[in-house]
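Protein chains in written order, with my numbering: chain Y, 1 to 115; chain U, 1001 to 1115.
In this text, a Cβ means the ideal position worked out from N, Cα and C, and glycines have one as well.
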Amino acid sequence: GAGVSQTPSNKVTEKGKYVELRCDPISGHTALYWYRQSLGQGPEFLIYFQGTGAADDSGLPNDRFFAVRPEGSVSTLKIQRTERGDSAVYLCASSLIPQSTDTQYFGPGTRLTVL
Amino acid sequence: AQKVTQAQTEISVVEKEDVTLDCVYETRDTTYYLFWYKQPPSGELVFLIRRNSFDEQNEISGRYSWNFQKSTSSFNFTITASQVVDSAVYFCALRTYEGAQKLVFGQGTRLTINP
Chain Y
1 GAGVSQTPSN KVTEKGKYVE LRCDPISGHT ALYWYRQSLG QGPEFLIYFQ
51 GTGAADDSGL PNDRFFAVRP EGSVSTLKIQ RTERGDSAVY LCASSLIPQS
101 TDTQYFGPGT RLTVL
Chain U
1001 AQKVTQAQTE ISVVEKEDVT LDCVYETRDT TYYLFWYKQP PSGELVFLIR
1051 RNSFDEQNEI SGRYSWNFQK STSSFNFTIT ASQVVDSAVY FCALRTYEGA
1101 QKLVFGQGTR LTINP
C-alpha cells in the first residue's frame, strides 16, 4: 500500500514569510508525528497527534510553529514568520496505534530553505 | 532523560567487507524499544528493526544482524558482505514508556561502501 506522503518535497521561502507543510499518513494509521532534521543530525521530535488532537507538542521550538490534524488523517505543519534557523528537513511519520511498541513509518520529508 | 549515541560519524569500507555500526543508549526506564532506520540519499527513513528491552536475543535478517546487550546498553548493527547499495546514513533510535511516543535518535552514521 501507499506510504506516508509529504508535500511539497522542497520549499524555498524568504525570511518572515508563512509556510505550510502537508503530511498524508498511511491509511488507517491513527498516530501521526512530526520531526525536524537539521543537516548532519538525527531527527528531532516536534509534535504527535492521536486522532485529531495534539497529544504531545513538547518538541515545538516556539509559538511560531503550529500543527493541525482536523479530520484525523492529513496534518499540516504551519510556521509563521520564518527564520533562517528554521531551514531543515521536516519529516512526518505515522503508526497504526500510538503505543511505544508500534513502529513509526516515515515519509520522504519536506526540505525547507529560508533565505 | 533518554539519549542515543552513535560515536561513528562516518565509516568507509570496500565492498564485501563486514561492518559494524555502534549504538549506545541511556534511559532509566525498564521498558523501552530500540530501532534502527536507514536513510538513503533519497531522504526517506526506512525502518529496519525494532527490539524491546525484554528480548536480548540477537537477530539476523539476511546480511543484517543486531546485537543487543543490556549490560553495556548497546544495540549494534552488523552488515555482512557489504554491498554498494548499503551506502546510506543509519540511525539508531530509542523509545521509552516515560518518553511517551517520541523517538529519540542518535546523530547517525554515514556508511559508504566503495566498489
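Check	Outcome
Spatial distance of residue 1057 (chain U) from residue 12 (chain Y) (CA atoms)	46 angstroms
Residue of Y:64, Y:3, Y:31 and Y:44 minimising C-alpha distance to residue 95 (chain Y)	Y:31
Given 8 angstroms, three or more beta-carbon pairs between the segment 1005-1019 of chain U and the segment 67-83 of chain Y	no
7 angstroms Cβ cut-off: residues of chain U touching residue 89 (chain Y)	1043
Segment contact, 8 angstroms Cβ cut-off, at least three pairs: the segment 1023-1040 of chain U with the segment 1074-1088 of chain U	yes
Burial state of residue 61 (chain Y), where buried means 16 or more other Cβ atoms lie within 10 Å	exposed
Reduced DSSP category for residue 17 (chain Y) - H, G, I as helix; E, B as strand; rest coil	coil
Own chain, CB closer than 6 angstroms to residue 111 (chain Y), minus 5 neighbours either side, in chain order	10 and 89
Rounded C-alpha distance that separates residue 67 (chain Y) from residue 57 (chain Y)	9 angstroms
Among Y:44, Y:65 and Y:92, the one whose alpha carbon lies nearest that of residue 201 (chain Y)	Absent from the model: residue 201 (chain Y). The displayed extent of chain Y is 1 to 115, so no value can be given.
Interfacial residues, the segment 1021-1051 of chain U to chain Y, with Cβ spacing under 7 angstroms	1033, 1042, 1043, 1044, 1045, 1047 and 1050
DSSP state of residue 1050 (chain U) mapped onto helix, strand, coil	strand
Limits of the unbroken beta strand (DSSP E) element including residue 1063 (chain U)	Taken as a continuous stretch (DSSP letters only), residue 1063 (chain U) belongs to no beta strand (DSSP E), as it is neither H nor E.
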